[in-house]
Amino acid sequence: MPGYVIHLAIAEKYLEKNKKENYDEFIDGVIYPDETDNKYKTHYWNEMRSVNLSNFFKENKLDTSFNRGYFLHLLTDYLFYNKYIEYWSTDIYTDYDLLNPYLLKKYHVKLPSKIKKYVHVAEQGKSLKILSKEVVDKFIEDLSNLDLEHIKEEIMKAPKEWTKVRPLKEP
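When we follow my numbering, the leftmost residue of the sequence shown carries the number 38, and every step to the right adds one.
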C-alpha cells in the first residue's frame, strides 16, 4: 500500500479540483483505513490481501466526503499495485521515506497530527530502488482526476474485473 504522504498528496490534488468536498472529512476518510490494526476489515481485503472494492459498496455509499475519501484511499491502493508499480520489495518502504519531503513540499500536504508519528523521512542522498518521482507524480495526477462515481459504476457492473491482482516481479 502507498504510504500516508502519497495518499494525502492525491487527496490534496483531488480536493483542488473538487471544491464541494468538506476538507477535514475527506482527509479523515483518506487516512482512516490505515489508522487501525484491523486492515483486513478497513481495506476489504480478500485472502490475497488485495482490496475488494465491490465489498466497500455493500456497506457504504459515496454520499459523504468521508466515504469518498475512504473510497479514494482503497482505489489508490488497488491501482498502485495493479497499474503503476512493476516490482515488489520491502525497499519500497525506504522509497516512501525518501520521497516524503519531496511530496510534502510539492503537493502542500498537511499532515494530520494523529499520523505525524507514522510519517518518516529517510536520510537524503540515498537512491530510490523501486519508485521514481516521475511514476509517483503521474500516479498522483492520474488518481486526482478520477470521477469516483464513474469508477463506482464500473466496479458494480463488473466486480470480478476489479478483484484481479497483477503479480509483481522481484527486482
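Glycine included, every Cβ here is placed at the ideal spot set by N, Cα and C. Keep in mind the model is a prediction, meaning the values are calculated, not measured.
- [ ] Pick out the complete alpha helix (DSSP H) segments inside the segment 116 to 179, 4 residues or longer, and give them in chain order.
- [x] 128 to 143
Open item on the list: Assuming L185 is part of the alpha helix (DSSP H), what are its boundary residues?
Closed with: 185 to 194
Open item on the list: Among the candidates E123, Y133, K57, whose CA atom is the shortest distance from the CA of D100?
Closed with: K57
TODO: Report the residue from E198, L135, Y77 whose alpha carbon sits nearest the alpha carbon of H157.
DONE: L135
Task: Local Cβ density within 10 Å of M193, reported as buried at 16 or more and exposed below that - done: With a 10 Å radius around the Cβ and a threshold of 16 neighbouring Cβ atoms, M193 comes out exposed.
Task: Own chain residues within Cβ distance below 6 Å of N182, not counting five before or after - done: none
Open item on the list: By the DSSP assignment, the alpha helix (DSSP H) with L90 in it spans what residues?
Closed with: 90 to 96
Task: N104 burial status per 10 Å Cβ neighbour count (16 or more: buried) - done: buried
- [ ] Let me know the secondary structure DSSP gives K56 once reduced to three states.
- [x] coil
- [ ] Measuring alpha carbon to alpha carbon, tell me which of L205, H44, Y51 ends up nearest W125.
- [x] L205
Task: Buried/exposed call for H145, threshold 16 Cβ in 10 Å - done: exposed
Open item on the list: Using only the alpha-carbon positions, how far apart do F117 and L185 sit?
Closed with: 16 Å
Open item on the list: With three or more beta-carbon pairs closer than 8 Å as the criterion, would you say the segment 107 to 114 touches the segment 80 to 91?
Closed with: yes
- [ ] Return the Cβ separation of P6 and I167 in integer angstroms, given the expectation that the two are a contact with Cβ distance under 8 Å.
- [x] Outside the shown range of the chain, which is 38 to 208, sits residue 6, and nothing can be said about it.
Open item on the list: Per the DSSP calculation, W199 is bridged to which residue(s)?
Closed with: Beta-bridge pairing links W199 to no other residue.
Task: Residues that DSSP places opposite K206 in a beta bridge - done: Y124.
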